[in-house]
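A quick write-up on the structure given underneath.
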Amino acid sequence: SQQGEEDPQALSIQEGENATMNCSYKTSINNLQWYRQNSGRGLVHLILIRSNEREKHSGRLRVTLDTSKKSSSLLITASRAADTASYFCASVLYNQGGKLIFGQGTELSVKP
Amino acid sequence: ETGVTQTPRHLVMGMTNKKSLKCEQHLGHNAMYWYKQSAKKPLELMFVYSLEERVENNSVPSRFSPECPNSSHLFLHLHTLQPEDSALYLCASSQDLWGAAEAFFGQGTRLTVV
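Chains as they are written, first to last, in the working numbering: chain G, 3 to 114; chain C, 1348 to 1461.
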């Protein structure tokens, strides 16, 4: 069974609004990472949060991690049309070093 | 540009063909990966290499055969594939095997098996 599950599967917002995507995982993690994928292309790393961290920021991105709930969220503030893409969380399992396990992703559409 | 280059970008092959996908990184990374991305499915980890040695084979059919001749190059040899093998194949690399840092992905090879 897959480790990560994203919610929602699809999200459509207007430019300027905030977008929040959630990710849940099942087993203990070393760290959790968020990636972005433009249609049919490779994934680009956005941010990494370690299991002992609760929140991390990078530009307009804010990631939180709640290890007690086994969940993480990605917030994109003041969204732009160029943010339209699929967003994936990926967990690095505590006892399976090196394996990035991806969720199904959230398709974000930002309308101008 | 992530520093990981995959060729070809697109490939159409018949079920009896033999072809190879190539991945190249000059980031000085020690770990390289093959992922398969099918429509409506999560990325599936296929193979993991660390320092040119295969450390993970995720129950992948033998019609997929990886090769890592050195730390900068990774190949995926394909033979007698099935139409359901059509997908985006992504190569990635990371500094080390333990996921302490991020993975860098290539642009992928869009494979169509006819």
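Even for Gly, the Cβ is constructed at its ideal location relative to N, Cα and C.
Everything numeric in this text was worked out from a predicted model, so none of it was measured.
Taking E55 of chain G as the centre and dropping the five residues before and after it, the same chain places the C-beta of L67 closer than 8 Å to its C-beta, in chain order. A straight-line Cα-Cα distance of about 29 Å links V1402 of chain C and V1359 of chain C. Flagged as an interface residue toward chain G: P1389 of chain C, by a C-beta distance shorter than 8 Å. Below 8 Å, enough C-beta pairs join the region 1428-1448 of chain C and the region 1375-1385 of chain C to call them touching: three or more. Closer than 8 Å to the CB of G61 of chain G there is not a single CB belonging to chain C.
When Cβ pairs closer than 8 Å are counted between the two stretches, the region 107-114 of chain G is seen not to touch the region 1448-1459 of chain C, the count staying below three.
Each of C:F1452, C:L1428 and C:K1366 was checked against the Cα of V1461 of chain C, and the nearest Cα belongs to C:L1428. In the DSSP assignment, the residues bridged to E109 of chain G are G:A12 and G:S88. N24 of chain G has its alpha-carbon roughly 15 Å from the corresponding atom of S14 of chain G.
For L50 of chain G, the enclosing beta strand (DSSP E) stretches over residues L45 to R52. In this structure, G44 of chain G places its C-beta atom within 8 Å of the C-beta atom of F1452 of chain C.
DSSP, reduced to helix, strand and coil, places D1443 of chain C outside both helices and strands of the structure shown, so it counts as coil. Apart from the 5 residues on each side of it in sequence, S73 of chain G sits with its Cβ closer than 6 Å to the Cβ of S26 in its chain, given in chain order.
Using a CB distance below 9 Å, the part of the region 1423-1455 of chain C facing chain G consists of L1435, L1437, C1438, A1439, S1441, D1443, L1444, W1445, G1446, A1447, A1448, E1449, A1450, F1451, F1452, G1453, Q1454 and G1455, ordered along the chain.
Boundaries of the beta strand (DSSP E) around L1421 of chain C: H1420 to H1426.
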